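Residue numbers (my numbering), protein chains in the order written: chain R, 467 to 752; chain V, 222 to 459.
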């Protein structure tokens, strides 16, 4: 059963099409992440689904009530945390006290005015506001930006708890570690369409096969074509090769050095990071 | 408490916490009243007959044109608007809350002037209090209507200040509260008739509910309400 179904969504600003004929479905109870470089269209997609932004073509179906934490949300500077929660609760006809969950820890700053809250406290408040009315689907745009490590861990725990309670969570994030640890599926946006969509594990599995060999030798080892690796560049004193067959590539390079009577001074292996993979996919440099 | 009433209560408190609103709703009008009241009542004893009305018109004009629009600019030109929409708070309620909160603040300020003028400067109290308060309330609402239009159409605080001053200064200079409007050239008298301050002063100094003095305020209120409704519709479609 889907929570959100998007068909052929297109959106433009002036003559610039930021979303082009995008279709996807988000299942109930999953945590789905939208990734992309700045300006890729993540927030635009979320705001189209949330009903905050109009779009040129397409159809969006939402199966359930929604709660939204915006990326750049703000409130009147002099409103207190308690007042904000009470005001929003009254309009949503929901009791105001149930959202002060232990992990969000709003009680420690509930009398403070919005303008005097830290970035992390504002994030927590907006998350609490998005939970008012116990929505089925939760949209979180950069939910942990600006939050300290302790707060981030607590917030991740809260997000997992929400998922376990059956809520669907759609989030946009730049934090790859966060996405990897929290999300069931991810979609990477590039130039208005999805460059990758699948389980976060798929991207991670791909990474296991993508390694770099840094080799420091006193002869050029990349003069001859390599069967199991690809020469990329020189980095400081190292020659850098990329491979998906580490042991074969390593043996080939060491054998080549031996035959050239070269001294191998150092060898380092580096796994491509999730961040790098994200950049590769989102910028099509792979 | 219902959501709308709670929103008015919150807005009333926010206005008190907001330095700009505190200045324009209370501090400046009351200081101006104390200062000018002292001067007027000592050098022009006849001015005591209209001291309350002129100071109320000044204070309400200042609060409505310079104070009331600011919270609306804060909401409608920032991400607060989005936060309210996604939180299920209707945009019309923001305008209603701001209007009623401003009405309460300006009515309180006017009451302080009325009592202060009578006790401190021996000003003449209105002969017919119910007529006076009815005319004053209509004037306050009409002025807040203009202030609300300014707040909803200003793209930022800088332009709001400019627009507000373009309404406030002629209201004070041409409204007949500093000196009789009849002393002005006829062209400026005509310009003065555009502003609610002129009609507010006439309506509050008339001891009976004279429709000729009230209908311009009713027209102003009606036109403001239509303009505000159109703007809210545009915001809801944006």
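We put the beta carbon where it would ideally sit given N, CA and C, even for glycine. Keep in mind that this is a model prediction, so the values were computed, not measured.
Where residue i falls: helix, strand or coil (DSSP)
i	result
residue 416(V)	coil
residue 238(V)	helix
residue 410(V)	helix
residue 246(V)	helix
residue 615(R)	helix
residue 737(R)	strand
residue 267(V)	helix
residue 521(R)	coil
residue 707(R)	strand
residue 458(V)	helix
residue 684(R)	coil
residue 489(R)	strand
residue 576(R)	coil
residue 494(R)	coil
residue 300(V)	coil
residue 559(R)	coil
residue 400(V)	coil
residue 501(R)	strand
residue 726(R)	coil
residue 473(R)	strand
residue 527(R)	strand
residue 535(R)	strand
residue 379(V)	helix
residue 699(R)	strand
residue 732(R)	strand
residue 431(V)	coil
residue 484(R)	strand
residue 509(R)	helix
residue 448(V)	helix
residue 545(R)	coil
Neighbour-count burial assignment, residue i, 16 or more Cβ in a 10 Å radius
i	result
residue 235(V)	buried
residue 643(R)	exposed
residue 399(V)	exposed
residue 615(R)	exposed
residue 513(R)	buried
residue 587(R)	buried
residue 701(R)	exposed
residue 283(V)	buried
residue 534(R)	buried
residue 376(V)	exposed
residue 637(R)	buried
residue 276(V)	buried
residue 582(R)	exposed
residue 667(R)	exposed
residue 347(V)	buried
residue 395(V)	buried
residue 665(R)	exposed
Contact belief for residue i with residue j at Cβ below 8 angstroms, rounded distance in angstroms
i	j	result
residue 521(R)	residue 476(R)	7 angstroms
residue 373(V)	residue 293(V)	6 angstroms
residue 621(R)	residue 609(R)	6 angstroms
residue 333(V)	residue 251(V)	6 angstroms
residue 445(V)	residue 366(V)	3 angstroms
Which listed residue (the options) has its alpha carbon closest to that of residue i
i	options	result
residue 224(V)	345(V), 298(V), 314(V) and 369(V)	314(V)
residue 604(R)	531(R), 686(R) and 711(R)	531(R)
residue 428(V)	271(V), 389(V) and 449(V)	271(V)
residue 595(R)	679(R), 683(R), 547(R) and 484(R)	547(R)
residue 355(V)	269(V), 382(V), 432(V) and 248(V)	432(V)
residue 341(V)	239(V), 257(V), 430(V) and 299(V)	257(V)
residue 502(R)	719(R), 652(R) and 691(R)	652(R)
residue 689(R)	677(R), 511(R), 676(R) and 706(R)	706(R)
residue 192(V)	450(V), 324(V) and 422(V)	Here chain V has residues from 222 to 459 only, and residue 192(V) is not among them.
residue 694(R)	704(R), 557(R) and 708(R)	708(R)
residue 733(R)	726(R), 715(R), 725(R) and 727(R)	715(R)
residue 246(V)	361(V), 307(V) and 392(V)	361(V)
residue 758(R)	485(R), 473(R), 468(R) and 474(R)	Since the first residue of chain R shown is 467 and the last is 752, residue 758(R) is not available in this structure.
residue 729(R)	628(R), 593(R), 558(R) and 681(R)	681(R)
residue 495(R)	687(R), 467(R), 579(R) and 704(R)	467(R)
residue 589(R)	482(R), 575(R) and 600(R)	575(R)
residue 571(R)	473(R), 641(R), 482(R) and 624(R)	624(R)
residue 393(V)	238(V), 280(V), 249(V) and 267(V)	280(V)
residue 289(V)	369(V), 264(V), 260(V) and 328(V)	369(V)
residue 518(R)	577(R), 509(R) and 721(R)	509(R)
Cross-chain neighbours of residue i in chain B, by beta carbon under 7 angstroms
i	result
residue 228(V)	Going by chain labels, chain B is absent from the structure shown, which instead holds the protein chains R and V.
Contact test: residue i Cβ vs the ligand NAD heavy atom, cutoff 8 angstroms
i	result
residue 664(R)	Looking at this structure, you won't find the ligand NAD or any other ligand, since it has none at all.
Along the chain, which unbroken stretches of the beta strand (DSSP E) at least 3 residues long are found entirely within the region 593–676 of chain R?
Runs found: 603–607, 634–638, 651–656 and 659–665.
Segments of 4+ residues assigned as alpha helix (DSSP H) that fall wholly inside the region 273–345 of chain V:
290–297, 301–307 and 312–342
Ranges of the alpha helix (DSSP H) found wholly within the region 347–379 of chain V, counting only runs of at least 4:
350–374
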